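So the sequence shown is numbered by our numbering: it starts at 12 and just counts up by one. No residue lacks a Cβ here, since even glycine has one placed at the ideal position from N, Cα and C. None of the values given here were measured: they were computed from a predicted structure.
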Amino acid sequence: MTCIDGFSIRYLDYDNVKHVSDKPRVVLLLHGIGASAERWLPVVPGLSRHFRVVVPDIIGFGYSDKPTVEYTMDFFLSFLQKFLDNLNIPAASVVGSSFGGWIAMEFAIRFSRRIDKLVLAAPAGRMQSSTHVLDQYIMAALYPTRENALRAFMDMSYDPSGVTEDTVIDFVNRMRLPNAKYAFMSTLLGIRDSPNLSDRLPKLLVPTLFIWGDNDNMIPMQYLG
């Protein structure tokens, strides 16, 4: 845990590499809306063989505190700055998924000196319209039952066999935590009032890799303005 502005922030930190300098290469992994650090666990073993890997529960999500504030992009960027400062990380390569990708991109635009490289996996910003799968996910977050969560995860997964009972129950438990629904909805409202992600691309100057799945039915690439 670390503390930012009086709020407890949970994070995972894997530093098993013998670094050849006093400035270890750091990879920061940012999850999407309603998710947690656990979403990244499948890729941690491979990355941690070469980098220090840091995976926070973004403020408002996972098992980090969920203050009753406005969850705007400025709020998330301030959090990320202070999080890196607390861990004495001057710069990192950042990998962001979904909403975490949007945070990562905005951070790279405004604070490029703190980004070595950027990887954006289906970065989610304001959409021209919603999708059935996204609506199912929002429903599961606001009405967190096992049935709603299972339906949402099955619908969004290209390979439903990868949806485990632990994944479903962990999501339900997290969304039942105090202020979890508030943080989720406030973030959605912040997204609604933000500019289109594509409008920000010309300002992105750091080396960046975009990854998008052909079968992404939650946030298809063509839905972003």
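In the structure shown, S108 adopts extended strand secondary structure according to DSSP, grouped into three states. Judged by DSSP in its simplified three-state form, Y148 adopts helix. In the three-state reduction of the DSSP assignment, T13 falls in the strand class, which pools E and B. Sequence-distant partners of A102 (beyond 5 residues in either direction) whose C-beta falls short of 6 Å from its own C-beta, in its chain, are R125 and D127.
Taken atom to atom, the span from the alpha-carbon of I70 to that of F18 is near 8 Å. A straight line joining the alpha-carbon of N159 with that of V65 spans about 31 Å. Along the stretch 43-91, the alpha helix (DSSP H) occurs as fully enclosed runs of 4 or more residues at 55-58, listed in sequence order. Assignment of V38 by DSSP, reduced to helix, strand and coil, places it in the strand class.
For the pair V38 and F62, the CB atoms are nearer than the 7 Å cut-off. The beta-carbon distance between A152 and F87, rounded to whole angstroms, is 17 Å. This is too long to meet the 8 Å contact definition.
In this structure, DSSP gives S141 a state outside helix and strand, which the three-state scheme calls coil.
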